[in-house]
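Residue numbers (my numbering), protein chains in the order written: chain A, 5 to 499; chain B, 1156 to 1504; chain C, 3 to 123.
Beta carbons are placed, not taken as given, at the ideal position from N, Cα and C, and that holds for glycine.
Below: one structure, written as structure tokens.
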């Protein structure tokens, strides 16, 4: 048992990482799926253990190879990291069982084992990003997760998946390279790559021109990865044309981890510099977040493909998270962090519902949603509940997030921002309603209203996420305790 | 003033200027074949620069990868696509110019607080690094500090790097790999059409060269502890030998010597070997990748650990490079066959 | 006595120029292969940036020997070794995508591809 508790953090990364090459050796579609599902389950259990451990004992430092920081690479895991690891592992554990049928329908059989291998690599890369305490190691695991997600996206049925993937590859690589340039300048001025070590040495050089520009570069780098408005152009096509299971997984995890990385940079690496005040970052970030919220929601309203609609909604939702980060008091930060978790649940669930539709109908166009309320009542209901959460109706997780965000804005006396958060939710009502209306009140062109529900093996995972989105909306004690702790640790400085 | 230092500085600036000229040429020229060649030259000049700047290991890798592997892949892609680029619209050129100028000025603005080039008092030479230079001999016992950091102090990064190239290889199979039956049929047909095979000079020279390349690869693999080199470079060099063989004798012949299942196993086993070395440390009660516990003495353990992980990297890189090459070449072979089939049917009409 | 004024910052300025040419190629050109070549140029320039900062005047390669006192900084070398591998991995994947795009669109000019996509919407 001590073995597990000592090494839980590293196991959460290397279990999926090492499982990937084994997946390639298995080569059998069913076997590879079973293997990947089992590994996702094990990782989920590990991540729960890790989160409990951190909540009980505080920040965990794990020295890779026995070399202490800043000479070696260390893991630096606090409540936020553990929460993000848990989000990734949980979503993977839910999406994996769902993926079997969905992937069988959308991808030729001989490639299945490669898909599961990529899934595992992507998951390991994302978890690796969340636990690391080394700024360069962050880049390495960012690339593991990025390369695998490019491949996963490109495997979509439509040929536009290929171009979406390549454009994402180009923008993603530019983003990563910007990060590396910025990091190079930070390293040049401090001589260190360890995040906690940087936190202590950066204040000395915070007013140099080099660090100003370096900061801009790392923020832009991750801004590209997390689809911060106006750096979001790669996202809609990537989410629309990727295979359904892939979209569900990436939409629920990839942007969250990028948000986490930005959080880490701002609050830990530059924690004692306080870039919001020193560099006047707060105004810029709040403006971009609000713009993203409105532009994302407005664009979502005019989409004719539901997957694309949800993708634009993701850009808006990322805006909420960034807003929470940049208002900067404990309540708003708590709101931002809890929204990472909550949005993962609802967006994962919504995309999975769309995957069910695609499985049965072969399309996610809005016009093909007609009559879904009768033809696929369970799937449609899942979409409606998820839509409620997206809007922020009470008793769903969306309400909890927005409650904290609004409170955080009001605590600073910024009531216009609080008002805008609520106004943006109204826009969400419009785009969710458009889909609901078509689902329940329009007749399909061929008039076929016969019951034709998705297989139970896909519905159960969908309802697990949707159910969780309701459960944690009615009883948010656990999630808000974790995120409040996380916010306090972050605001407590670099320690 | 020391004459050696002046020469090296002058060479440094001159190489950089040459690189700038090459980069501009790459931007201007619309013949993609020339562009790809220039990009190889650009990498090679980068490698030269790294030698001037004392980064011999990096130079080695850049030459093998940037000038070698990347260029081969790009030419492979060109064979499958078109060789010329359309003119770019002016509007976009201007937008891009403005963006790049702004970012460029930001960087120049940043440079005014940077330590001067070559200054030994810069922070990076006085924090963290002194331990590597002063203590790595006692802690790890290898003369090549780059290898010590790469495989031990920052061994976890290197594991990530091995997984990145593994990801790319698997991804390339997923994108342009072919089913088994289809593959061998295409390869054999393409081999029959291979022009290279008929050139006797190429055949003889390659047969002479390949054993030496392989030997050199082995040397680089096992000598990385003492001089420049290591698993990654060795893997690429080993891969290059087989790629050369494939280019001259055809993909089918290459795949007979090195079947697809073998490269797939090597690719997977290499990264697994790396990670398992770390797991052994875990089981022995130490941290992941802590090599100290692998033998009775810490330095002995470090030596074994580094040997194992470097071998793992070598295996994965070698197999991945060959896999990626074969995927591209296999696609080209299929393409050639399609075209010749089309021509044949056109001839019958 | 060693003079640090030359090349001083000039070295970095040329490196920044190289980076920006790379970035320019990626942004301005529509041809996908050209874009990937541009990414390469951009990345190699970043590598040069790291290796430049590692240099100490009069230093030698960081391979320990008794007769040598000043070594250039080995840490950026290690980072860039990793980054080179990441770079070639990205290039390989990008080119594979280009091949597939050529097969399904019959062109690798991004503007033409956008036209085709808009028409099919």
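Just to confirm, does residue i get its C-beta within under 7 Å of one of the non-hydrogen atoms of the ligand GTP?
i                      : result
residue 114 of chain C : This structure simply doesn't include the ligand GTP, nor any ligand for that matter.
Kindly list the residues whose CB is nearer than 6 Å to the CB of residue i, restricted to its own chain and excluding five residues on each side of it in sequence; keep chain order.
i                       : result
residue 262 of chain A  : 226, 229, 230
residue 1468 of chain B : 1317, 1386, 1387
residue 405 of chain A  : 339, 342, 343, 346
residue 1502 of chain B : Confidence is the limiting factor: at residue 1502 of chain B the pLDDT is only 49, short of 50, which leaves the residue's position unreliable and the question unanswerable from this model.
residue 1238 of chain B : 1187, 1188
residue 238 of chain A  : 171, 172, 175
Do you know offhand how far residue i's Cα is from residue j's?
i                       : j                       : result
residue 1176 of chain B : residue 99 of chain C   : 29 Å
residue 61 of chain C   : residue 1272 of chain B : 12 Å
residue 409 of chain A  : residue 305 of chain A  : 23 Å
residue 322 of chain A  : residue 270 of chain A  : 16 Å
residue 125 of chain C  : residue 156 of chain A  : In the structure displayed, chain C extends from 3 to 123; residue 125 of chain C sits before or after that span and is not available.
residue 510 of chain A  : residue 426 of chain A  : Nothing can be reported for residue 510 of chain A: it is not among the residues displayed for chain A, which extend from 5 to 499.
residue 499 of chain A  : residue 202 of chain A  : With a pLDDT of 38 at residue 499 of chain A, under the threshold of 50, the modelled position of this residue cannot be trusted; read the value that follows with caution. In a straight line, the C-alpha of residue 499 of chain A is about 12 Å away from that of residue 202 of chain A.
residue 1504 of chain B : residue 108 of chain C  : With a pLDDT of 44 at residue 1504 of chain B, under the threshold of 50, the modelled position of this residue cannot be trusted; read the value that follows with caution. Their Cα atoms are separated by approximately 25 Å.
residue 1263 of chain B : residue 180 of chain A  : 20 Å
residue 124 of chain A  : residue 148 of chain A  : 10 Å
residue 1384 of chain B : residue 1377 of chain B : 8 Å
residue 1286 of chain B : residue 71 of chain C   : 15 Å
residue 439 of chain A  : residue 373 of chain A  : 7 Å
residue 1274 of chain B : residue 1164 of chain B : 13 Å
residue 16 of chain A   : residue 1315 of chain B : 15 Å
residue 65 of chain C   : residue 1214 of chain B : 14 Å
residue 165 of chain A  : residue 471 of chain A  : 31 Å
residue 107 of chain A  : residue 99 of chain A   : 11 Å
residue 483 of chain A  : residue 368 of chain A  : 32 Å
residue 1484 of chain B : residue 110 of chain C  : 19 Å
residue 1367 of chain B : residue 348 of chain A  : 55 Å
Under 8 Å Cβ to Cβ from residue i, same chain only, skipping five residues before and after it: list those, please.
i                       : result
residue 182 of chain A  : 221, 222, 224, 225, 228
residue 1193 of chain B : 1177, 1180, 1181, 1184
residue 39 of chain A   : 23, 26, 27, 30, 120
residue 91 of chain A   : 256, 257, 260, 344, 345, 348
residue 214 of chain A  : 189, 192, 193
residue 453 of chain A  : 375, 378, 379, 447
Output yes if chain D places a C-beta closer than 8 Å to the C-beta of residue i; else output no.
i                      : result
residue 102 of chain C : Looking at the structure shown, chain D is missing, and the protein chains on hand are A, B and C.
Less than 7 Å between C-beta atoms, sequence neighbours within five positions excluded: which residues of the same chain meet that for residue i?
i                       : result
residue 49 of chain C   : 82, 85, 86
residue 12 of chain A   : 50, 53, 54, 57
residue 142 of chain A  : 133, 136, 265
residue 2 of chain A    : No answer is possible for residue 2 of chain A: the residues shown for chain A start at 5 and end at 499.
residue 78 of chain C   : 52, 53, 55, 56
residue 1234 of chain B : 1487
query: How about the region 239-250 of chain A and the region 190-197 of chain A: do they share at least three Cβ pairs that are nearer than 8 Å?
result: no
task: Quick one: which residues of the region 1209-1232 of chain B get their C-beta closer than 9 Å to a C-beta of chain A? List them in chain order.
output: none
query: Given 8 Å as the limit, is there contact between the region 1296-1316 of chain B and the region 66-85 of chain A, that is, 3 or more CB pairs closer than that?
result: yes
message: Give me the subset of the region 17-38 of chain A whose CB atoms are less than 8 Å from a CB atom of chain B, sorted by chain position.
response: 18, 21, 22, 24, 25, 26, 28, 29
message: For the structure I just gave you, are there three or more beta carbon pairs, one from the region 1391-1405 of chain B and one from the region 1474-1482 of chain B, closer than 8 Å?
response: yes
- prompt: So, do the region 298-312 of chain A and the region 276-287 of chain A have three or more beta carbon pairs nearer to each other than 8 Å?
  reply: no
- prompt: Hey, which unbroken runs of the alpha helix (DSSP H) at 4 residues or more fall wholly within the region 1213-1281 of chain B?
  reply: 1225-1235, 1245-1266, 1278-1281
Residues of the region 162-175 of chain A with Cβ closer than 9 Å to any Cβ of chain C, in chain order: 163, 164, 166, 167, 169, 170, 171, 173, 174
task: Could you list the residues in the region 1156-1190 of chain B with a C-beta less than 7 Å from some C-beta on chain C, going in chain order?
output: 1156, 1157, 1160, 1164, 1167, 1168, 1171, 1172, 1174, 1175, 1178, 1179, 1181, 1182, 1187, 1190
query: Are three or more beta carbon pairs between the region 1164-1182 of chain B and the region 358-365 of chain A nearer than 8 Å?
result: no
- request: Kindly confirm or deny that the region 349-362 of chain A and the region 391-398 of chain A touch, where touching means at least three C-beta pairs closer than 8 Å.
  value: yes
- request: Could you tell me which uninterrupted alpha helix (DSSP H) segments, each at least 4 residues in length, are contained entirely in the region 242-300 of chain A, listed from first to last along the chain?
  value: 248-268, 279-282
- prompt: Looking at chain A, which residues of the region 32-47 of chain C have a Cβ within less than 7 Å of any of its Cβ atoms?
  reply: 34, 37, 41, 44, 45
field: Residues, ordered as in the chain, of the region 1426-1451 of chain B that lie near chain C by beta-carbon distance below 8 Å
entry: none
query: Just checking, does the region 1427-1444 of chain B make contact with the region 1479-1488 of chain B on the three C-beta pairs under 8 Å criterion?
result: no
query: Counting only runs that start and end within the region 433-478 of chain A, where is the alpha helix (DSSP H) found for 4 or more residues in a row?
result: 460-478
Validate contact between the region 1276-1293 of chain B and the region 1358-1374 of chain B using beta carbons, cut 8 Å, 3 pairs: no
message: Three or more C-beta pairs under 8 Å: does that hold for the region 1449-1457 of chain B against the region 1405-1416 of chain B?
response: no
field: Residues of the region 15-28 of chain C whose Cβ lies closer than 9 Å to any Cβ of chain B, in chain order
entry: 15, 16, 17, 18, 19, 20, 21, 22, 23, 24, 25, 26, 27, 28
query: When Cβ atoms are compared, which residues of the region 1299-1319 of chain B fall closer than 7 Å to chain A?
result: 1307, 1308, 1309, 1310, 1311, 1312, 1315, 1316, 1318, 1319
Selection of the region 177-198 of chain A by Cβ proximity to chain C, strictly under 7 Å: 177, 178, 181, 184, 185, 188, 192
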